[in-house]
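*Asks:* One structure is given below, represented as structure tokens, and several questions about it will come after.
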Amino acid sequence: MSGIALARAYWADVVRPVLARELPGVPRAAGRLGTGSDVLGLDDETSRDHDWGLRLTLLVPEERVDEVDRVLAASLPASYRGSPTAFPLTSDMTVRHRVEVAAPAQFVRSRTGLAGLDLTGGENRALRIADWLSLTGQSVLEVTAGPVFEDTSGEITALRDQLAWYPHDVWLHVLAADWTRIAQELPFVGRTGQRGDDLGSRLIAARLVTALVRLGFLLERRWPPYPKWAGTLFARLPVAPSAGGPLAGALAAATWQERETALHAACEVLHERQRAVGLPALDGSACEPFYDRPFTGLRDVAGVLRAAVTDPEVRALAHRGGVEQWVDDVGTLTDPGARRRLASS
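Per numbering that gives the first Met the number 0, the very first residue in the sequence shown carries number 0; after that it's consecutive.
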């Protein structure tokens, strides 16, 4: 049984009846949200060696959180379908039930760092541009990717809808940021190789593949997960059948020339996908010779995206994009407060 299937059964057979008996009428939403490979539907046998089991997210009014948690602690059975209801997590070694009880906005804030979301403000109006740039794809997926089994108040559904995707101009901005990063380093794959620095050429190619994979998620309007699952979920994107081969080829190439050719092909595929989904794109190819040197460079794909931005606040932003695009420290990326401070700096 998958983690999601187990969570759904646990809710229907155990947790929901307890609430109906002990706390009837309390508004609630239940689902499998937060951390864990099962939230993304990617758990397997290996996943069961830690942090896997009878886990739920239960969202109730803020003033009822402690009460609901106490009732569950006192009323849940010791086990269900052979699995214990109380067990430790790597982030909290206390043996306790793993129904995470929180208020909807509190839960979203714990994952994303976003505070004060306005459910009546219309599409995305409650978030500042810096808020959007502080998000990581993984932080949003912990709110939006998993299933919600029941939502009697509609609050978490509205919050998930607000986080569905970037506002259009912010989307153009983060796309342009990745194209800028690619333009900055693409010629160096050949230059390092020409100097006999094969390791350096491979390192730069790997950095470029990372940016191109993220670009694929952005073009398909999909939040990218953290690196452990990036390749798995990239393979499910519409652009993957055409881009996956060149990207894999760039990493496997034995020579810098083969590496550069593969990266060139990947850039062209993603640029064409940009055009196909209705976003601004250049006439013709994305790549060009790098001045008079025998290496591949990138045309101003970023510039055509930035030229389409109409919001003056977005137009005034530095070209680095969201925090996730220029910071790779795990401790920072998993700290919502640190991300927000960086995005506002």
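Ideal placement from N, C-alpha and C gives every residue a C-beta, glycine not left out.
Can you tell me which of Val-303, Arg-340, Pro-26 puts its alpha carbon nearest to the alpha carbon of Glu-154?
*Replies:* Pro-26
*Asks:* Does DSSP put Ala-114 in a helix, a strand or coil?
*Replies:* Secondary structure at Ala-114: coil, using DSSP grouped into helix, strand and coil.
*Asks:* Which same chain residues, not among the five before or five after Gly-215, have their C-beta less than 8 Å away from its C-beta?
*Replies:* Phe-233, Leu-236, Val-238, Ala-239, Ala-242, Leu-269, Arg-272
*Asks:* Tell me the DSSP secondary structure of Pro-226 in three-state form.
*Replies:* helix
*Asks:* Would you kindly work out how many angstroms separate the C-alpha atoms of Ser-344 and Val-313, rounded to a whole number?
*Replies:* Rounded to the nearest whole angstrom, the C-alpha separation of Ser-344 and Val-313 is 14 Å.
*Asks:* Going by other Cβ atoms of all chains shown within 10 Å of its Cβ, with 16 needed for buried, is Thr-179 buried or exposed?
*Replies:* buried
*Asks:* When you compare each of Asp-196, Ala-176, Arg-110, Glu-287 to Ala-301 by their alpha carbons, which one comes out closest?
*Replies:* Ala-176
*Asks:* Which residue spans inside the segment 240-293 form an unbroken beta strand (DSSP E) run of at least 3?
*Replies:* Counting only runs of at least 3 residues, the segment 240-293 fully encloses the following beta strand (DSSP E) elements, listed from N- to C-terminal order: 286-288.
*Asks:* Assuming Val-100 and Val-59 form a contact by the criterion Cβ under 8 Å, report the distance between their Cβ atoms to the nearest whole angstrom.
*Replies:* 7 Å
*Asks:* By Cβ distance below 6 Å, which residues in the same chain neighbour Leu-88 in space, the five residues on each side in sequence not counted?
*Replies:* Asp-50
*Asks:* May I ask you to list the residues that DSSP assigns as paired with Phe-86?
*Replies:* Beta-bridge pairing links Phe-86 to Arg-95.
*Asks:* Contact check, Ser-152 vs Ala-28 under 8 Å by CB: the rounded distance?
*Replies:* Indeed they touch by this definition, with Cβ atoms about 7 Å apart.
*Asks:* Let me confirm a value: His-172 is counted as buried when at least 16 other C-beta atoms fall within 10 Å, else exposed. Which label applies?
*Replies:* buried
*Asks:* Near Val-98, which residues of its chain fall below 7 Å by C-beta distance, leaving aside the five closest residues on each side in sequence?
*Replies:* Cβ neighbours of Val-98 beyond the five flanking positions: Val-14, Leu-55, Leu-57, Leu-71.
*Asks:* Taking 6 Å as the limit between beta carbons, can you name the residues of its chain near Gln-137, skipping five residues before and five after?
*Replies:* Pro-224, Tyr-225
*Asks:* To which residues does DSSP link Ser-78 through a beta bridge?
*Replies:* Pro-83
*Asks:* On the premise that Glu-184 lies in contact with Leu-211, defined as a C-beta separation below 8 Å, what is that separation, rounded to the nearest angstrom?
*Replies:* Their Cβ separation, rounded to whole angstroms, is 11 Å, which puts Leu-211 and Glu-184 out of contact at 8 Å.
*Asks:* Figure out for me which residue from Arg-319, Cys-286, Ala-280, Pro-293 has the closest Cα to the Cα of Ala-307.
*Replies:* Checked all of Arg-319, Cys-286, Ala-280, Pro-293; the closest Cα to Ala-307 is Ala-280.
*Asks:* How far does the alpha helix (DSSP H) with Asp-150 in it extend, from its first residue to its last?
*Replies:* It is not in any alpha helix (DSSP H) - Asp-150 instead sits in the beta strand (DSSP E) that spans 147-150.
*Asks:* Using 8 Å as the cut-off, can you tell me whether the segment 293-300 makes contact with the segment 181-201, which would need three or more C-beta pairs spanning the two stretches below that distance?
*Replies:* yes
*Asks:* Look at the Cβ atom of Gly-189, then the Cβ atom of Glu-257, and state whether they are nearer than 8 Å.
*Replies:* no
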